[in-house]
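Numbering (my numbering), first residue to last: 1143 to 1521.
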């Protein structure tokens, strides 16, 4: 027992590994033993053994030069073995890390490392699938599902097997692209072209250029009381975003405003929308009875009047006829809201792109649908 303790101390002293934890799995490379210390195997696949009392002595700091070849003995291997030597002088008190000759990992550590490596490979594969780009046609399909069917982004991420952030990026990118692309097409029609397509139902109002109305989209209630007061709609009794939409008498969308906070009045929204700059003295607009905008437009205004017992019969008939024609713009707004995204409460997280989404939905009406009234269809 004493001899083993002495040999152990001698080994530790010779390998010069400070603060090194020696276990039953620690090994020393055979290159640090003299040839006489090794017992060669009798078979090619056998293991070499150490003679009793052998101690590792062949180190650079002990005067051994590994630049010279050391020939191994035995019939199982007949070639010269060389070891590389760093040409830079190494201080005597340095730790030599030319090769890891004195440690073998614990079996449990090896198993854990393999498990961790496998988990990392699986994670990389999963992330690669999540960030993998879709084809443009598939991205457009995803966008239209979100807009028309109203599926949540988390649902789309699951269906398309992509990351949630990728879904958000695709929706924002396509909303901006279509907003720019469709918005580059002039939808405001010249006065002569509107008159050329005006339906017979508007024969009593032949100078009507645009029929207008407001619509509101319900949005999530902000936590800020100030913001709540700005988006709360007295008409709807909940928080909304409000927009103005206009159509030519024959049913096509010719004007779409930006969305405003729901507390804004119809008159104020009308003034801020920019529609006034498009109107000329020879035109007329048809609006709801709440649009008291006669003093800010350069043209005629057709608007139902508030009825009372003193109103004349002809005024009642005029009010009724205007109301019947205004129904068509309400039908147009209903088509916009057939995009199911607007059936849900608009989350505050997408308010940065909701204006683009709403505008795209309005502009697509001119491409997705037929005439509002079948009799207005042109051969």
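Just so it is clear, CB atoms sit at the ideal spot from N, CA and C, and this is done for glycine as well.
Shown here, residue 1374 sits in a strand according to DSSP, grouped into three states. Proximity to residue 1436 across 1463, 1457 and 1408 peaks at 1408, based on C-alpha coordinates.
Contact between the region 1197-1206 and the region 1151-1159 is present: 3 or more CB-CB pairs across the two stretches fall below 8 Å. Boundaries of the beta strand (DSSP E) harbouring residue 1382: 1380-1389, taken from the DSSP string. As the crow flies, the alpha-carbon of residue 1422 is around 26 Å from that of residue 1457. Three or more pairs of CB atoms, one per stretch, sit closer than 8 Å, so the region 1464-1484 contacts the region 1498-1518. One thing to note: residue 1288 has its Cβ no nearer than 8 Å to the Cβ of residue 1514. Contact holds between the region 1426-1433 and the region 1394-1413, because three or more Cβ pairs, one in each stretch, are under 8 Å apart. A residue is called buried once 16 or more other Cβ atoms fall within 10 Å of its Cβ, and residue 1307, having fewer, is exposed.
Taking residue 1196 as reference, the option from 1163, 1151 and 1357 with the minimal CA-CA separation is 1151.
Contact between the region 1438-1448 and the region 1414-1428 is present: 3 or more CB-CB pairs across the two stretches fall below 8 Å. Boundaries around residue 1358 are those of the beta strand (DSSP E), 1350-1360, since no alpha helix (DSSP H) includes it. Cβ-Cβ separation between residue 1360 and residue 1266: approximately 42 Å, too far for a contact (criterion under 8 Å). Between residue 1312 and residue 1333, the C-beta spacing is not below 8 Å. For residue 1338, the uninterrupted alpha helix (DSSP H) run begins and ends at 1333-1338, by DSSP. Beyond the five residues adjoining it in sequence on each side, residue 1474 comes within less than 8 Å, by CB distance, of 1387, 1389, 1393, 1395, 1507 and 1514 in the same chain, given in chain order. Shortest Cα-Cα distance from residue 1324 to any of 1190, 1182 and 1398 involves 1398. The straight-line gap separating the alpha-carbon atoms of residue 1373 and residue 1297 is approximately 28 Å. Residue 1490 sits away from residue 1370, with the two beta carbons spaced by 8 Å or more. Membership of residue 1413 in the alpha helix (DSSP H) is indicated by the continuous run 1408-1414.
Collapsing the DSSP output to three states places residue 1428 in a strand. When C-alpha distances from residue 1170 are compared across 1277, 1319, 1181 and 1192, the shortest belongs to 1192. Leaving aside the five residues that flank residue 1465 on each side, the residues in its chain whose CB is nearer than 6 Å to its CB run, in chain order, 1446. In this structure, the straight-line span from the alpha carbon of residue 1350 to that of residue 1375 is close to 30 Å.
Straight-line measurement puts the Cα of residue 1255 at about 33 Å from the Cα of residue 1183. Annotated three-state conformation of residue 1514 is coil, per DSSP. Residue state for residue 1479 is assigned as coil, using DSSP reduced to three classes. Of all alpha-carbon atoms in 1354, 1492 and 1190, the one lying nearest the alpha-carbon of residue 1173 is that of 1190.
Per DSSP, the unbroken alpha helix (DSSP H) holding residue 1321 starts and ends at 1306-1325. Annotated as proximal: residue 1295 and residue 1310, with beta-carbon spacing under 8 Å. Burial is judged here by how many other beta carbons sit within 10 angstroms of a residue's own beta carbon; residue 1164 has fewer than 16 and is exposed. Sequence-distant Cβ neighbours of residue 1339 in its own chain, meaning closer than 6 Å and more than five residues away, are 1392. Residues of the same chain with a CB within less than 8 Å of the CB of residue 1317, apart from the 5 flanking positions on each side, are 1285, 1495, 1498, 1499 and 1502 in chain order.
Using a Cβ distance threshold of 8 Å, residue 1467 and residue 1344 count as a contacting pair. Around the beta-carbon of residue 1402, 16 or more other beta-carbon atoms lie within 10 Å, marking it buried. Under a 10 Å Cβ-count criterion, residue 1279 is classified as exposed, with fewer than 16 other Cβ atoms of the shown protein chains found around its own Cβ.
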